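Novice: Residues 147 to 768 in our numbering are what the sequence shown spells out, letter by letter. Don't be surprised by glycine CBs; every beta carbon is placed ideally from N, CA and C. Quantities reported herein were computed from a predicted structural model and do not represent experimental measurements.
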Amino acid sequence: MAGLIKHYQRYIKRTNILSIAFVALLCSLSYFLGLWQHGGFTSPVSTTAVLSSVACDPTTVSTSTGFSLDFAAHHAANDSTFASPPPSDFPPCDIKYSEYTPCEDVDRSLRFDRDRLIYRERHCPEKRELLKCLIPAPAGYRNPFPWPASRDVAWFANVPHKELSVEKAVQNWIRVDGDKFRFPGGGTMFPRGADAYIDDIDKFISLRDGTIRTAIDTGCGVASWGAYLLSRNIVTMSFAPRDTHEAQVQFALERGVPAMIGVMASNRLPYPSRAFDMAHCSRCLIPWHLYDGLYLIEVDRILRPGGYWILSGPPINWKKHWKGWQRTQEDLNNEQNQIENVAKSLCWKKVQEKGDLAIWQKPTNHAHCKINRKVIKSPQFCSTQNLDAAWYNKMEPCITPLPEVASIDQVAGGELKRWPERLTAIPPRISSGSVEGVTAETFLQDTELWKTRVGYYKKLISQLGQKGRYRNLLDTNAQFGGFAAALIDDPVWVINMVPTIGKDTLGVIYERGLIGSYQDWCEAVSTYPRTYDLIHVDSLLTLYKDRCETEDMLLEIDRILRPEGTVIFRDDVDILVKTKSIAERMRWQSQIVDHENGPHVREKLLLVVKTYWTAEDQNQPQ
147 MAGLIKHYQR YIKRTNILSI AFVALLCSLS YFLGLWQHGG FTSPVSTTAV LSSVACDPTT
207 VSTSTGFSLD FAAHHAANDS TFASPPPSDF PPCDIKYSEY TPCEDVDRSL RFDRDRLIYR
267 ERHCPEKREL LKCLIPAPAG YRNPFPWPAS RDVAWFANVP HKELSVEKAV QNWIRVDGDK
327 FRFPGGGTMF PRGADAYIDD IDKFISLRDG TIRTAIDTGC GVASWGAYLL SRNIVTMSFA
387 PRDTHEAQVQ FALERGVPAM IGVMASNRLP YPSRAFDMAH CSRCLIPWHL YDGLYLIEVD
447 RILRPGGYWI LSGPPINWKK HWKGWQRTQE DLNNEQNQIE NVAKSLCWKK VQEKGDLAIW
507 QKPTNHAHCK INRKVIKSPQ FCSTQNLDAA WYNKMEPCIT PLPEVASIDQ VAGGELKRWP
567 ERLTAIPPRI SSGSVEGVTA ETFLQDTELW KTRVGYYKKL ISQLGQKGRY RNLLDTNAQF
627 GGFAAALIDD PVWVINMVPT IGKDTLGVIY ERGLIGSYQD WCEAVSTYPR TYDLIHVDSL
687 LTLYKDRCET EDMLLEIDRI LRPEGTVIFR DDVDILVKTK SIAERMRWQS QIVDHENGPH
747 VREKLLLVVK TYWTAEDQNQ PQ
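1) Is it the case that the stretch 403-421 contacts the stretch 540-552, given that we only count it when at least three CB pairs across the two stretches are under 8 Å?
2) Whole angstroms are fine: how far does the CA of Arg420 sit from the CA of Gln531?
3) Between the stretch 747-766 and the stretch 721-739, can you find at least three pairs of beta-carbon atoms closer than 8 Å?
4) If distances are taken between C-alpha atoms only, which option among Trp434, Tyr656, Met643 comes closest to Ser663?
5) Enumerated in chain order, which unbroken segments of the beta strand (DSSP E) with a length of 3 residues or greater are wholly contained in the stretch 604-654?
6) Grab the span of the alpha helix (DSSP H) containing Thr688 for me, first residue to last.
7) By the three-class DSSP mapping on this structure, what secondary structure does Glu245 have?
8) If I measure Cβ to Cβ from Asp666 and keep anything under 8 Å in the same chain, skipping five residues before and after, which residues do I get?
9) Have a look at Leu118 and Pro573 and give me their C-alpha separation to the nearest angstrom.
10) I'd like to confirm the pairing. Which residues does DSSP put opposite Cys427 in its beta bridges?
11) Give the DSSP-derived three-state secondary structure of Leu680 in the structure shown.
12) Check Arg708 in the structure and name its three-state DSSP category.
13) Write down every uninterrupted run of the alpha helix (DSSP H) in the stretch 501-569 whose length is 4 residues or greater and which is fully enclosed by it, in chain order.
14) If you draw a straight line from the C-alpha of Gly453 to the C-alpha of Asp355, how long is it?
15) Could you give the residue range of the beta strand (DSSP E) that holds Thr760?
16) Looking at the unbroken alpha helix (DSSP H) that takes in Thr360, where does it start and where does it end?
17) Would you list the one or two residues that DSSP bridges to Trp301?
18) Residue ranges of each alpha helix (DSSP H) run of no fewer than 4 residues wholly in the stretch 245-296, ordered along the chain?
19) Taking Leu707 as the reference, give the member of Met383, Arg733, Ser727 with the closest Cα.
20) So the candidates are Ile264, Met335, Arg254, Ile634; which of them puts its Cα closest to the Cα of Pro271?
21) Since Met424 contacts Ile358 with CB under 8 Å, what's their CB separation in whole angstroms?
22) Check whether the stretch 669-684 and the stretch 651-659 are in contact - that is, three or more C-beta pairs closer than 8 Å.
23) Any idea which residues DSSP pairs Arg575 with across the strands?
24) Could you tell me whether the stretch 323-340 touches the stretch 291-310, using the rule of 3 or more Cβ pairs below 8 Å?
25) Where does Ile714 sit, in a helix, a strand or coil, going by DSSP?
26) Quick one: complete alpha helix (DSSP H) runs, 4+ long, within the stretch 335-408?
27) By alpha-carbon positions, which one of Thr546, Ser578, Val640, Ile545 ends up nearest to Thr561?
28) Go ahead and pull the three-state DSSP assignment for Arg693.
29) Can you look up Val584 in the DSSP assignment and give me helix, strand or coil?
30) Ends of the alpha helix (DSSP H) at Ile485?
31) DSSP state of Phe422, grouped into three classes?
32) Is it true that the CB of Thr334 sits closer than 8 Å to the CB of Gly459?
33) Got a sec? Which residues, its chain only, sit under 7 Å from Val713 by beta carbon, not counting five neighbours each side?
34) State yes or no: is the C-beta of Thr688 within less than 8 Å of the C-beta of Asp718?
35) Does DSSP classify Lys750 as helix, strand or coil?
36) Could you tell me which residues DSSP pairs with Asn413 in its beta bridges?
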């Protein structure tokens with residue numbers, strides 16, 4: 147009997163070993179079959195292979211050791227041999243949508259109130275109106291010139307509009323030169339060029355000692371002011387509406403300068419309070435003196451304590467220019483007096499007025515300002531609890547209060563380090579405990595983490611570390627701006643988006659000396675098609691998976707991504723497998739690779755390259 151039992155035990159043990167070996171063989175065969183079906187062992191990891199490996203071990207996904215993705219740009223100069231577009235389940239949109247901006251659509255805007263330019267604000271399409279097609283690039287589209295050459299020249303085919311070159315011919319904004327646009331660096335109020343104009347400002351406030359890092363240009367034109375400030379280590383958020391000055395923001399982006407579509411109308415600008423060190427208006431046509439100074443009150447909200455507001459153009463120096471402006475002396479004098487009164491009511495100090503320039507400074511705290519409310523009755527201080535809320539929140543005719551100070555000499559909210567030390571110093575919002583659940587240690591760890599991650603990205607995408615390949619970058623879920631901070635020594639700029647449904651860290655990003663905006667990713671971004679060379683998508687799809695369709699989010703990413711542009715998705719493997727299946731239907735080439743810490747981490751990377759195709763290609767046989 148004992149011998150029979152031992153024989154039975156040996157049989158069971160042998161059977162278990164054979165079963166395990168059989169299952170392992172099936173998993174391996176399934177994985178290699180998936181690779182073979184999708185182009186061999188050096189091709190991107192196929193969905194079949196990913197799913198097979200996940201079935202065998204849900205915490206890992208095998209990735210190929212070789213890359214088949216080509217991250218290089220191939221259409222930057224004359225090249226008449228364009229490849230036919232790859233197959234796609236999503237059809238190309240009609241060519242009329244080549245410059246489509248969903249939330250600033252010209253036709254839709256006509257349904258809204260024209261008072262105070264409300265019709266030029268964001269008015270996004272309803273779900274049933276969303277396009278389910280791919281926005282085409284115009285025929286002959288080429289990758290922009292690399293920075294810094296792009297500051298001064300762009301391809302005509304990329305933004306085929308001559309209107310500004312005619313309308314602003316005498317002001318040196320832009321001119322057509324064969325198949326290119328040239329940007330001489332001029333502006334309405336700086337005929338000697340932006341560089342000379344900035345030097346004039348520098349005579350009154352220091353632009354080179356690191357105290358001023360972030361700026362905002364309201365009504366920016368083609369963003370020459372922001373373009374020339376970059377050489378002084380000042381990064382500018384330039385914005386202008388989509389209006390009769392056709393494609394002005396699009397020109398700025400082609401030049402490799404940060405810019406977004408925006409307007410001062412009824413909503414707050416999509417930035418937190420105390421964001422910018424300097425604000426600027428050069429004949430921006432914003433009626434600062436109207437509506438009880440509402441627009442200056444909004445500038446006050448987004449200016450840092452001690453920040454500057456610079457105004458050139460009407461009504462400044464009206465005694466010299468009134469005839470050319472075709473306005474009466476009385477009218478211009480009255481407008482300037484009203485602006486002076488609003489500035490005084492905000493407790494601003496006038497720093498200088500000389501020639502065509504006037505400069506005011508916001509106080510470093512509100513200790514005196516609160517006392518003088520007994521004399522100056524309007525505007526009063528806001529009672530709103532969330533002073534940073536700025537996503538469809540209405541402007542308010544009240545002063546945004548600065549944090550309390552213990553003495554008149556203190557800077558409200560904490561004094562910032564000078565640039566570049568500011569980038570890695572503990573932001574005051576964190577050191578003061580204003581950001582719930584975030585400590586100085588958390589912030590420092592995050593900074594180091596993103597240095598490691600960006601280093602890994604550069605190993606995967608060698609062009610990311612090369613000058614000229616990428617310029618305009620977007621981080622869709624920026625958190626503390628660690629991705630942008632890790633790229634600070636590269637010739638790129640990053641718009642740091644903070645989703646409206648997560649932790650509000652945009653104020654921290656600005657305190658670091660970086661720029662960004664709030665964004666609801668169930669809606670379109672306020673920018674033109676083909677804005678960004680590289681888009682970073684960290685955990686965004688998980689964040690929004692129960693709020694809007696992944697497909698719609700990917701179509702929006704495709705809209706704002708340049709042909710041959712790159713997307714880096716970082717998310718859970720299950721999310722990325724689903725995303726890859728959609729990507730393969732969008733004329734994208736994609737590949738899933740392991741996390742920087744190895745294959746046993748569920749979080750993976752999905753690398754994407756948008757293929758080159760244009761409106762002239764869409765009817766070619768596939």
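Specialist: Well, looking at it:
1) With the cut-off at 8 Å, the stretch 540-552 and the stretch 403-421 touch.
2) Counting from one through the sequence shown, the residue named residue 531 turns up at place 385. Counting from one through the sequence shown, the residue named residue 420 turns up at place 274. Each residue's alpha carbon lies about 15 Å from the other.
3) With contact defined as three or more Cβ pairs closer than 8 Å, the stretch 721-739 and the stretch 747-766 are in contact.
4) Mapped onto the sequence shown, residue 663 falls at position 517. The option with the nearest alpha carbon to Ser663 is Met643.
5) Here the runs fully enclosed are 618-621, 639-645.
6) Taking the sequence shown and counting its residues from 1, one reaches residue 688 at position 542. In the DSSP assignment, Thr688 falls within the unbroken alpha helix (DSSP H) covering 686-689.
7) Along the sequence shown, read from residue 1 onward, the residue named residue 245 stands at position 99. If DSSP states are grouped into helix, strand and coil, Glu245 belongs with coil.
8) Working through the sequence shown from its first residue, we reach residue 666 at position 520. Contacts found: Trp537, Pro645, Thr646, Ile647.
9) The structure shown does not extend to residue 118, since the chain spans only 147 to 768, so no value can be given for it.
10) The count along the sequence shown starts at 1 and reaches residue 427 at position 281. Looking at the DSSP output, Cys427 bridges to Leu457.
11) Here residue 680 corresponds to residue number 534 of the sequence shown, with the count starting at 1. In the three-state reduction of the DSSP assignment, Leu680 falls in the strand class, which pools E and B.
12) Taking the first residue of the sequence shown as position 1, residue 708 is located at position 562. Correct three-state label for Arg708: strand.
13) For the stretch 501-569, whole alpha helix (DSSP H) runs of length 4 or above, ordered along the chain, are 513-517.
14) The sequence position of residue 453 within the sequence shown is 307, counting from 1. The sequence position of residue 355 within the sequence shown is 209, counting from 1. Straight-line Cα distance between these residues: approximately 15 Å.
15) By one-based count along the sequence shown, residue 760 stands at place 614. Secondary structure note for Thr760: it is in no beta strand (DSSP E), with a DSSP letter that is neither H nor E.
16) Here residue 360 refers to the residue found at position 214 when the sequence shown is read from its first residue. No alpha helix (DSSP H) holds Thr360; the beta strand (DSSP E) holding it covers 360-364.
17) Numbered from its first residue, the sequence shown carries residue 301 at position 155. Bridge partners of Trp301: Lys326.
18) You should have 252-255.
19) For the purposes of this step, residue 707 is taken as residue 561 along the sequence shown, with counting starting at 1. Looking at the Cα atoms, Arg733 is the closest of the given residues.
20) Taking the sequence shown and counting its residues from 1, one reaches residue 271 at position 125. Nearest neighbour of Pro271 by Cα position, chosen from Ile264, Met335, Arg254, Ile634, turns out to be Arg254.
21) Here residue 424 refers to the residue found at position 278 of the sequence shown. Here residue 358 refers to the residue found at position 212 of the sequence shown. Their Cβ separation, rounded to whole angstroms, is 5 Å, which keeps Met424 and Ile358 in contact under 8 Å.
22) No contact exists between the stretch 669-684 and the stretch 651-659.
23) Taking the first residue of the sequence shown as 1, we reach residue 575 at position 429. Paired residue(s): none; Arg575 is not in a bridge.
24) A contact exists between the stretch 323-340 and the stretch 291-310.
25) Against the sequence shown, residue 714 aligns to sequence position 568. DSSP places Ile714 in strand when its eight states are reduced to three.
26) Along the length of the stretch 335-408, whole alpha helix (DSSP H) runs at least 4 residues long occupy 340-348, 370-375, 394-400, reported in chain order.
27) Indexing the sequence shown from 1 puts residue 561 at position 415. With the sequence shown as reference, residue 561 is identified as Glu, and Thr is not the correct amino acid for it. Glu561 has its Cα closest to that of Ser578, out of Thr546, Ser578, Val640, Ile545.
28) Along the sequence shown, one-based indexing puts residue 693 at 547. Coil at Arg693, not helix or strand.
29) The sequence position of residue 584 within the sequence shown is 438, counting from 1. DSSP places Val584 in the coil class of the three-state scheme, outside both helix and strand.
30) For this step, residue 485 is matched to residue 339 along the sequence shown. Element bounds for Ile485: 475-491.
31) Numbered from 1 along the sequence shown, position 276 holds the residue referred to as residue 422. Judged by DSSP in its simplified three-state form, Phe422 adopts strand.
32) Working through the sequence shown from its first residue, we reach residue 459 at position 313. Working through the sequence shown from its first residue, we reach residue 334 at position 188. With a cutoff of 8 Å on beta-carbon distance, Gly459 and Thr334 are scored as near each other.
33) By one-based count along the sequence shown, residue 713 stands at place 567. Residues Ile681, Val683, Ile703, Leu707, Val754 of the same chain have their beta carbon placed closer than 7 Å to that of Val713, with the five preceding and five following residues left out of the count.
34) Stepping through the sequence shown from its first residue, residue 688 is reached at position 542. Stepping through the sequence shown from its first residue, residue 718 is reached at position 572. Yes, Cβ-Cβ distance for Thr688 and Asp718 is below 8 Å.
35) Position 604 of the sequence shown, counted from the start, is the residue given in the question as residue 750. In the three-state reduction of the DSSP assignment, Lys750 falls in the strand class.
36) The sequence position of residue 413 within the sequence shown is 267, counting from 1. Note: Asn413 sits in a beta bridge opposite Lys540.
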